[in-house]
């Protein structure tokens, strides 16, 4: 089995020499440079790990399901893996689209088994992410 060093030899990397531009692997396109990214204290994040099978399944549902799923994973991380409440309006504020789009995305994610939605009378929906996907 060939090692990573052999597989990704330094000779295969080309320096673009364009300041903050990143080095580009031959035939690989732009790979990004985390070190050059601006650092802010209030930057939103998604706490991992995220099961790739979950992400793939959400993406296959179409529409804004993947976008909605990433926002749900963000809130999941903030709540330390516990269930959490979220409104259609909050999802819309995160760029999912209209409140109707947010509702449809949650419905699709629930129908596929990726999340469980608990309805409490007079309250927002309580979401549980089914991490096994």
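Residue numbers (our numbering): 1138 to 1270.
Backbone N, C-alpha and C define an ideal beta-carbon position, used for all residues, glycine too.
This structure is a prediction, so every number in the text was calculated from the model and none was measured.
Would you please state the rounded distance, in angstroms, between the beta carbons of residue 1242 and residue 1202? I believe it to be under 8 Å. Here residue 1242 corresponds to residue number 105 of the chain shown, with the count starting at 1. Here residue 1202 corresponds to residue number 65 of the chain shown, with the count starting at 1. Indeed, because the Cβ distance is near 5 Å, the residues count as touching under 8 Å.
What is the DSSP secondary structure of residue 1262, reduced to helix, strand or coil? Taking the first residue of the chain shown as 1, we reach residue 1262 at position 125. The answer is strand: DSSP assigns residue 1262 an E or B state.
Residue 1211 and residue 1251 closer than 8 Å at C-beta: Within the chain shown, residue 1211 is the residue found at index 74, counting from 1. Within the chain shown, residue 1251 is the residue found at index 114, counting from 1. It is not a contact, given that the beta carbons lie outside the stated cut-off.
So, residue 1208 versus residue 1261, is the Cβ gap smaller than 8 Å? Translated into the one-based positions of the chain shown, residue 1208 becomes position 71. Translated into the one-based positions of the chain shown, residue 1261 becomes position 124. Their beta carbons are not under 8 Å apart, which means residue 1208 does not touch residue 1261 by this criterion.
Using C-beta distances below 6 Å, list every residue in its chain close to residue 1238, excluding the 5 sequence neighbours before and after it, in chain order. For this step, residue 1238 is matched to residue 101 along the chain shown. Within the same chain, residue 1238 has close Cβ partners 1201.
Residue range of the alpha helix (DSSP H) that includes residue 1192: As a first step, residue 1192 is located in the chain shown; it is residue number 55 there, counting from the start. 1189-1197 is the span of the alpha helix (DSSP H), which, as asked, contains residue 1192.
Residue 1232 and residue 1213: beta carbons closer than 8 Å? On the chain shown, residue 1232 is found 95 positions in, with the first residue counted as 1. On the chain shown, residue 1213 is found 76 positions in, with the first residue counted as 1. Their beta carbons are not under 8 Å apart, which means residue 1232 does not touch residue 1213 by this criterion.
Can you grab the Cα-Cα spacing for the pair residue 1186 / residue 1228, in whole Å? Numbered from its first residue, the chain shown carries residue 1186 at position 49. Numbered from its first residue, the chain shown carries residue 1228 at position 91. Spanning the two alpha carbons is a distance of roughly 21 Å.
State the Cα-Cα distance for the pair residue 1188 and residue 1246, rounded to the nearest angstrom. Working through the chain shown from its first residue, we reach residue 1188 at position 51. Working through the chain shown from its first residue, we reach residue 1246 at position 109. Computed Cα separation, rounded: 15 Å.
For residue 1223, name the three-state secondary structure that DSSP assigns. Within the chain shown, residue 1223 is the residue found at index 86, counting from 1. Correct three-state label for residue 1223: strand.
With a threshold of 7 Å on Cβ separation, who are the neighbours of residue 1240 within its own chain once the five nearest residues in sequence on each side are excluded? Against the chain shown, residue 1240 aligns to sequence position 103. These residues qualify, in order along the chain: 1225.
Proximal residues to residue 1221 (C-beta, below 8 Å), its chain only, five neighbours per side dropped: Walking along the chain shown from the start, residue 1221 turns up at place 84. So the qualifying residues of the chain are 1212, 1213, 1215, 1263 and 1264.
Distance check for residue 1199 and residue 1254, CA to CA, integer angstroms please. Position 117 of the chain shown holds residue 1254. Position 62 of the chain shown holds residue 1199. Their backbone Cα atoms lie some 19 Å apart in a straight line.
Where residue 1235 sits in the DSSP three-state scheme: As a first step, residue 1235 must be located in the chain shown, where it is residue number 98. Three-state DSSP puts residue 1235 in coil, outside helix and strand.
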